[in-house]
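> Just add 787 to wherever you are in the sequence shown, counting from 1, and you've got this note's numbering. Don't be surprised by glycine CBs; every beta carbon is placed ideally from N, CA and C. Here the structure is a predicted model, which is why all the values come from computation and not from measurement. Structure provided below as structure tokens; questions to follow.
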Amino acid sequence: MVGPLAIGGLYLGELNNQLILANISVLDQNSGVIYSFPNMIWWSANGLPLQWDPTQNTSAGFNPFLDVPDLITGLVTLGIAGYIFRTDGITQFATTGSAVIPFAFDHMWASDHGIGNVLPFSIAQYGPTAAFISTDNIYSLSVSSSTPIGGTARDF
Numbered sequence: 788m789v790g791p792l793a794i795g796g797l798y799l800g801e802l803n804n805q806l807i808l809a810n811i812s813v814l815d816q817n818s819g820v821i822y823s824f825p826n827m828i829w830w831s832a833n834g835l836p837l838q839w840d841p842t843q844n845t846s847a848g849f850n851p852f853l854d855v856p857d858l859i860t861g862l863v864t865l866g867i868a869g870y871i872f873r874t875d876g877i878t879q880f881a882t883t884g885s886a887v888i889p890f891a892f893d894h895m896w897a898s899d900h901g902i903g904n905v906l907p908f909s910i911a912q913y914g915p916t917a918a919f920i921s922t923d924n925i926y927s928l929s930v931s932s933s934t935p936i937g938g939t940a941r942d943f
């Protein structure tokens with residue numbers, strides 16, 4: 788990619804005064820080619836929602852999640868932490884207090900058979916709680932726990 792670049796994403800969140808995009812598409816405006824990165828997140832600089840270039844501001848950056856085999860299907864922020872939903876897992880991220888490395892990532896499930904969100908755009912959030920649909924149940928997720936809530940509703 789030569790640039791200038793235009794960055795977009797399927798999912799948008801905000802944490803630590805930074806915008807966060809997930810499941811990224813990048814348009815190389817010079818060539819007109821669109822590149823898809825379905826396992827990447829990209830965040831803006833702290834307090835600067837129009838600054839996405841880490842070479843211009845070290846608090847901006849991106850993470851391609853090359854260590855997990857699946858695609859990003861959603862994103863929520865629940866107060867002090869955020870969650871990136873993937874088809875076979877969930878990644879929690881929290882602020883570090885460092886401008887150079889603003890987020891710490893923890894793959895809660897990172898296998899081919901983990902609990903993840905299998906239906907993109909199906910995540911619901913209300914205050915400090917989110918709900919998502921996995922292959923085996925419907926789950927409620929908060930900063931402190933994940934609870935199956937589907938009962939027989941998921942089986943119909």
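1) For ILE811, does the count of other Cβ atoms within 10 angstroms reach 16, so buried, or fall short, so exposed?
2) Check the DSSP bridge columns for PRO935 and list the partner residues they point to.
3) Considering PHE880, what are the terminal residues of the beta strand (DSSP E) in which it resides?
4) Would you call the segment 798-808 in contact with the segment 860-872, where contact means no fewer than 3 C-beta pairs closer than 8 Å?
5) Could you compute how far the alpha carbon of VAL855 sits from the alpha carbon of THR939?
6) How about PHE919 and TYR913: do their beta carbons lie closer than 8 Å?
7) Check whether the Cβ atoms of THR845 and ALA886 lie closer than 8 Å to each other.
8) Taking a contact to mean a Cβ-Cβ separation below 8 Å, would you say ILE821 touches PHE849 in this structure?
9) Within 10 Å of its beta-carbon, does ALA891 have 16 or more other beta-carbons around it, so buried, or fewer, so exposed?
10) Measuring straight from C-alpha to C-alpha, what distance separates GLY876 and ASN804?
11) Exposed or buried, what is ASN826 when buried is set at 16 or more other beta-carbons lying within 10 Å of its beta-carbon?
12) Hey, out of SER818, ASN904, SER823 and SER933, whose CA is closest to LEU808's CA?
13) DSSP three-state label for ALA847, please.
14) How big is the Cα-Cα spacing for ASP923 and ALA847?
The answer reads as follows:
1) buried
2) TYR926
3) 876-882
4) yes
5) 31 Å
6) no
7) yes
8) no
9) exposed
10) 26 Å
11) buried
12) SER823
13) coil
14) 37 Å
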